[in-house]
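For the record, the sequence lines run as chains Y and U. Count the first sequence with the working numbering and you get residues 1 to 322, in order. Count the second sequence with the working numbering and you get residues 1 to 291, in order. Have a look at the structure below before the remarks.
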Amino acid sequence: MKDSLNPLLVNRRWKPWEAVLWLIALVSPLLLPSHALIINEIAIVALFAVSLDLILGYTGIVSLGHAAFFGMGAYTAALFSKLVMPDPTVGLLVAVVVATLLGAICSMTIIRGSDLTRLMVTLGVGLILMELANKLDWLTGGADGLQGVVMGPVLGRFEFDLYGRTAAWYSITVLLILFVLARRIVHSPFGATLKAIRDNRLRAMAIGIPVTSRLAVIYTVAAGMAGAAGALLAQTTGFASLDLFEFHRSADVMLILVVGGTGWLYGGVAGAIVFKLMQDVISAITPQYWTFWIGLFLVVLVMVGRERLLKPWTWFARGGKA
Amino acid sequence: MLTILFDGIAYGMLLFILAVGLAVTMGLMNFINLAHGAFAMVGGYITVLLMQRVGVPFLVCLPLAFLGAALLGGLLERALYRPLYHKPHLDQVLFSIGLTFMAVASADYFIGSTQQIVQLPEWLKGRTELGEGAWMLGMGHYRLFIIAVCAALTVGLQYILAKTRFGSRLRASVDDQRVAAGLGINVNVVFLSTFAVGSGLAGLGGALGAEVLGLDPTFPLKFMIYFLIVVAVGGTSSITGPLLAALLLGIADVAGKYYIPKLGAFIVYCLMIAILIWRPQGLFVRQGGKS
Numbered sequence: 001m002k003d004s005l006n007p008l009l010v011n012r013r014w015k016p017w018e019a020v021l022w023l024i025a026l027v028s029p030l031l032l033p034s035h036a037l038i039i040n041e042i043a044i045v046a047l048f049a050v051s052l053d054l055i056l057g058y059t060g061i062v063s064l065g066h067a068a069f070f071g072m073g074a075y076t077a078a079l080f081s082k083l084v085m086p087d088p089t090v091g092l093l094v095a096v097v098v099a100t101l102l103g104a105i106c107s108m109t110i111i112r113g114s115d116l117t118r119l120m121v122t123l124g125v126g127l128i129l130m131e132l133a134n135k136l137d138w139l140t141g142g143a144d145g146l147q148g149v150v151m152g153p154v155l156g157r158f159e160f161d162l163y164g165r166t167a168a169w170y171s172i173t174v175l176l177i178l179f180v181l182a183r184r185i186v187h188s189p190f191g192a193t194l195k196a197i198r199d200n201r202l203r204a205m206a207i208g209i210p211v212t213s214r215l216a217v218i219y220t221v222a223a224g225m226a227g228a229a230g231a232l233l234a235q236t237t238g239f240a241s242l243d244l245f246e247f248h249r250s251a252d253v254m255l256i257l258v259v260g261g262t263g264w265l266y267g268g269v270a271g272a273i274v275f276k277l278m279q280d281v282i283s284a285i286t287p288q289y290w291t292f293w294i295g296l297f298l299v300v301l302v303m304v305g306r307e308r309l310l311k312p313w314t315w316f317a318r319g320g321k322a
Numbered sequence: 001m002l003t004i005l006f007d008g009i010a011y012g013m014l015l016f017i018l019a020v021g022l023a024v025t026m027g028l029m030n031f032i033n034l035a036h037g038a039f040a041m042v043g044g045y046i047t048v049l050l051m052q053r054v055g056v057p058f059l060v061c062l063p064l065a066f067l068g069a070a071l072l073g074g075l076l077e078r079a080l081y082r083p084l085y086h087k088p089h090l091d092q093v094l095f096s097i098g099l100t101f102m103a104v105a106s107a108d109y110f111i112g113s114t115q116q117i118v119q120l121p122e123w124l125k126g127r128t129e130l131g132e133g134a135w136m137l138g139m140g141h142y143r144l145f146i147i148a149v150c151a152a153l154t155v156g157l158q159y160i161l162a163k164t165r166f167g168s169r170l171r172a173s174v175d176d177q178r179v180a181a182g183l184g185i186n187v188n189v190v191f192l193s194t195f196a197v198g199s200g201l202a203g204l205g206g207a208l209g210a211e212v213l214g215l216d217p218t219f220p221l222k223f224m225i226y227f228l229i230v231v232a233v234g235g236t237s238s239i240t241g242p243l244l245a246a247l248l249l250g251i252a253d254v255a256g257k258y259y260i261p262k263l264g265a266f267i268v269y270c271l272m273i274a275i276l277i278w279r280p281q282g283l284f285v286r287q288g289g290k291s
């Protein structure tokens with residue numbers, strides 16, 4: 001069979017618009033120098049959402065504790081630069097390794113049980129880490145957060161500037177690298193088995209897919225990526241706080257992913273852009289009560305249907321599949 | 001030591017009343033409702049506001065809190081929850097998180113973010129002590145009151161569930177919705193009333209617990225995890241499971257915070273994860289039930 005006829009391979013090929021998109025992303029800090037900080041944040045959140053997409057969108061594990069790995073990566077990167085050495089790339093690698101290890105340990109907890117059990121266990125892990133960070137205040141600064149993180153220049157050459165342009169480029173580059181990795185994963189035969197597990201676990205098991213090990217591996221990979229996102233945040237802001245482990249962070253990232261569309265890697269990126277801009281606008285109007293509007297948005301989103309709300313052309317198309 | 005046990009039991013009973021509605025609705029409709037705490041908060045605020053602004057006595061407030069939360073629960077069930085029963089869990093989680101966020105922000109907006117204080121009547125304030133030394137049992141009257149109310153409710157619920165016609169309908173619907181509907185049970189009405197009663201109980205629990213747990217707009221988020229622990233550990237197929245789980249959780253939490261304050265809530269979470277890894281379907285689940 002020719003490559004172009006195989007549906008699995010067609011999806012895998014890079015499309016022209018993807019290259020254009022990444023070019024725009026890489027140029028954006030130059031075009032909008034005054035918005036470099038928010039571009040940086042969007043890149044970080046996008047990476048976080050892509051990592052959640054691997055387990056939620058592609059594998060179908062509902063996790064409410066993904067912030068655990070995010071926070072773990074952030075604290076590791078911050079502590080590493082403070083105590084060992086300030087080089088960001090090494091710090092990033094260390095943070096990824098630590099978050100991956102944590103993910104490998106936690107992956108044992110999500111293999112068994114129903115959705116509710118998994119929800120609880122993931123939530124519980126996040127809370128335990130938050131308690132830990134809170135109680136080990138000699139190390140992490142407790143509720144005050146970890147302050148005084150000074151980062152060295154990236155690759156020894158590019159200093160972090162006040163406007164956040166280096167930070168934005170740094171984050172976008174890391175996002176691109178990990179995005180390519182995630183793209184390879186989901187379009188590989190391994191990724192296809194993940195989708196099979198998501199769609200019907202029993203049948204996947206029956207055709208000989210080792211469900212348990214697949215779940216464990218993808219959960220670990222996703223944890224590492226979330227750790228990278230956390231490390232980026234800690235490195236570019238020079239700060240890590242308990243807020244990183246908070247429940248609302250896990251909820252936010254889920255919302256981001258759902259806004260952009262699950263089971264589609266660009267969904268995380270698109271959702272991150274929409275969510276950050278929306279947060280910026282709404283919190284400028286009502287700084288204190290913007291969670292209300294986020295909540296309302298969630299409720300409306302679910303009531304109307306995730307698929308329909310994001311595709312306005314289906315609003316008036318009656319009939320068909322309801 | 002007995003005092004701690006006593007406080008733990010009171011706390012556990014309170015958690016049970018708060019969470020039992022969640023357990024039943026979750027078992028009944030397989031719906032992951034993270035917004036359950038919002039109903040408890042509504043009950044708590046009804047009590048606090050009625051007592052502070054109108055001067056209604058405490059004992060009258062409790063049934064009102066129940067009714068208010070039940071009414072709200074019934075309305076929301078009919079309007080919002082029902083279409084979601086057959087949606088995937090992700091949708092349900094998103095929806096109920098959204099509802100919780102809205103409840104938190106509106107409570108903040110209308111009432112303010114300060115912690116609310118309940119003025120207990122005089123006869124509930126005191127404390128009785130029995131025995132001496134290490135075995136001294138100090139019972140706060142209010143905690144005694146909580147235990148009495150909750151125990152009465154538990155017995156009542158158990159009676160309704162086990163002996164009445166409604167109870168058998170409910171159990172039939174929990175076991176198999178479709179067969180129950182086929183036998184002529186109006187499953188929708190069973191769902192609606194169960195959800196309303198469950199929300200009402202949460203409201204009552206919120207009203208009772210306002211003094212013990214503290215009441216501020218973040219209540220639904222702060223205690224959501226506790227309700228979910230009770231349900232996840234206790235299982236959803238009976239009410240004795242959640243009751244035992246709630247007692248265990250209450251005692252572990254109070255004792256943990258008293259003896260090892262450094263570890264704080266750590267113990268509870270570790271215990272939960274250990275139990276859920278050990279028995280993913282919950283501690284007290286009869287074998288061979290619907291998965």
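We put the beta carbon where it would ideally sit given N, CA and C, even for glycine.
Residue from the options with nearest C-alpha to residue i
{"i": "G167 of chain U", "options": "U:G206, U:G182, U:A70, U:T194", "result": "U:T194"}
{"i": "Q147 of chain Y", "options": "Y:G91, Y:G238, Y:T220", "result": "Y:G238"}
{"i": "A182 of chain Y", "options": "Y:L26, Y:I42, Y:A46", "result": "Y:A46"}
{"i": "G141 of chain Y", "options": "Y:G124, Y:L242, Y:P16", "result": "Y:L242"}
{"i": "L265 of chain Y", "options": "Y:V281, Y:E41, Y:F48", "result": "Y:F48"}
{"i": "G282 of chain U", "options": "U:P261, U:F266, U:I239", "result": "U:I239"}
{"i": "N11 of chain Y", "options": "Y:S188, Y:W169, Y:R198, Y:G295", "result": "Y:S188"}
{"i": "I17 of chain U", "options": "U:S173, U:G198, U:R165", "result": "U:G198"}
{"i": "V269 of chain Y", "options": "Y:T76, Y:I282, Y:L255", "result": "Y:L255"}
{"i": "I172 of chain Y", "options": "Y:I218, Y:L139, Y:L93, Y:P29", "result": "Y:P29"}
{"i": "G164 of chain Y", "options": "Y:A229, Y:Q235, Y:D137", "result": "Y:Q235"}
For residue i, three-class secondary structure by DSSP
{"i": "A46 of chain Y", "result": "helix"}
{"i": "Q115 of chain U", "result": "coil"}
{"i": "R127 of chain U", "result": "strand"}
{"i": "L137 of chain U", "result": "strand"}
{"i": "V154 of chain Y", "result": "strand"}
{"i": "A25 of chain Y", "result": "helix"}
{"i": "L146 of chain Y", "result": "strand"}
{"i": "L215 of chain U", "result": "strand"}
{"i": "A35 of chain U", "result": "coil"}
{"i": "A240 of chain Y", "result": "strand"}
{"i": "W290 of chain Y", "result": "helix"}
{"i": "R78 of chain U", "result": "helix"}
{"i": "M249 of chain Y", "result": "Looking at the sequence provided, one finds Arg at residue 249 of chain Y rather than Met. Residue state, collapsed to three classes: helix."}
{"i": "I39 of chain Y", "result": "helix"}
{"i": "I111 of chain Y", "result": "coil"}
{"i": "L82 of chain Y", "result": "Rather than Leu, the amino acid found at residue 82 of chain Y in this sequence is Lys. Here K82 of chain Y sits in helix by DSSP."}
Cβ pair residue i, residue j closer than 8 Å
{"i": "D253 of chain U", "j": "R143 of chain U", "result": "no"}
{"i": "D115 of chain Y", "j": "V62 of chain Y", "result": "yes"}
{"i": "Y45 of chain U", "j": "I111 of chain U", "result": "yes"}
{"i": "I32 of chain U", "j": "L119 of chain Y", "result": "yes"}
{"i": "V272 of chain Y", "j": "A74 of chain Y", "result": "Reading off the sequence shown, one finds Ala at residue 272 of chain Y, where the question assumed Val. Not closer than 8 Å, so no."}
{"i": "R263 of chain U", "j": "Y226 of chain U", "result": "According to the sequence as given, residue 263 of chain U is Leu; it is not Arg. Cβ atoms of L263 of chain U and Y226 of chain U: not closer than 8 Å."}
{"i": "T122 of chain Y", "j": "L64 of chain Y", "result": "yes"}
{"i": "S187 of chain U", "j": "Q177 of chain U", "result": "The sequence given here has Val at residue 187 of chain U, not Ser. Yes, the Cβ-Cβ distance between V187 of chain U and Q177 of chain U is below 8 Å."}
{"i": "L2 of chain U", "j": "L298 of chain Y", "result": "no"}
{"i": "A274 of chain U", "j": "F39 of chain U", "result": "no"}
{"i": "I39 of chain Y", "j": "L32 of chain Y", "result": "yes"}
{"i": "A103 of chain U", "j": "A19 of chain U", "result": "no"}
{"i": "G126 of chain Y", "j": "F292 of chain Y", "result": "no"}
Next item on the list: Could you say if the region 220–233 of chain U and the region 298–307 of chain Y meet the contact criterion of at least three C-beta pairs nearer than 8 Å?
Entry: Fewer than three beta-carbon pairs drawn from the region 220–233 of chain U and the region 298–307 of chain Y are found closer than 8 Å, and the two stretches are therefore not classed as touching.
Note to self: Give me the subset of the region 29–49 of chain U whose CB atoms are less than 7 Å from a CB atom of chain Y, sorted by chain position.
What the structure shows: Flagged, chain order: I32.
Checklist line | Contact residues within the region 245–274 of chain U, judged by C-beta distance below 8 Å to chain Y | finding: Listed in sequence order: K262, L263, G264, A265, F266, Y269, C270, M272, I273.
Checklist line | Near-chain U residues of the region 102–116 of chain Y (beta-carbon distance less than 8 Å), N- to C-terminal order | finding: For the region 102–116 of chain Y, which is checked against every Cβ of chain U, the residues closer than 8 Å are M108, T109, R112, G113, S114, D115, L116.
Notebook entry, point to check: Three or more C-beta pairs closer than 8 Å, one from the region 206–218 of chain Y and one from the region 87–102 of chain Y: is that the case here?
Noted result: Taking 8 Å as the limit for Cβ pairs, the verdict is that the region 87–102 of chain Y does not touch the region 206–218 of chain Y.
Check: On the three-pair Cβ rule with 8 Å, is the region 56–74 of chain U touching the region 270–279 of chain U?
Finding: Pairwise C-beta distances place the region 56–74 of chain U out of contact with the region 270–279 of chain U, as fewer than three of them are shorter than 8 Å.
Note to self: Tell me whether the region 35–54 of chain U and the region 192–208 of chain U touch, counting them as touching only if at least three CB pairs, one residue from each stretch, are closer than 8 Å.
What the structure shows: Cβ pair count under 8 Å is three or more, so yes.
Notebook entry, point to check: Just checking, does the region 21–29 of chain U make contact with the region 224–232 of chain U on the three C-beta pairs under 8 Å criterion?
Noted result: Enough Cβ pairs lie closer than 8 Å, so yes.
Item checked: Contact list for the region 51–73 of chain Y against chain U, Cβ threshold 9 Å -> Per Cβ criterion, the list reads L56, G60, V62, L64.
Margin query: Under 9 Å, CB to CB, which of the residues in the region 97–108 of chain U have a partner in chain Y?
Written below: Going along the region 97–108 of chain U in chain order, one finds I97, G98, L99, T100, F101, M102, A103, V104, A105, S106, D108 with a Cβ nearer than 9 Å to chain Y.
Margin query: With three or more C-beta pairs closer than 8 Å as the rule, is the region 133–140 of chain Y touching the region 200–212 of chain Y?
Written below: Result no; under three Cβ-Cβ pairs closer than 8 Å.
Item checked: Any 3 or more C-beta pairs closer than 8 Å across the region 217–225 of chain Y and the region 49–56 of chain Y -> Taking a cut-off of 8 Å for Cβ pairs, the region 217–225 of chain Y and the region 49–56 of chain Y touch, as three or more such pairs fall below it.
Item checked: Under 9 Å (Cβ pairs) to chain Y, residues found in the region 219–236 of chain U -> For the region 219–236 of chain U, which is checked against every Cβ of chain Y, the residues closer than 9 Å are L221, M224, I225, L228, I229, V231, A232, V233, T236.
Notebook entry, point to check: How about the region 278–286 of chain Y and the region 77–86 of chain Y: do they share at least three Cβ pairs that are nearer than 8 Å?
Noted result: No, the region 278–286 of chain Y does not touch the region 77–86 of chain Y.
Item checked: Residues in the region 73–94 of chain U having any Cβ partner in chain Y nearer than 9 Å -> Within the region 73–94 of chain U, contact with chain Y at the beta-carbon level (separation under 9 Å) is assigned to L80, P83, L84, K87, P88, H89, L90, D91, Q92, V93, L94.
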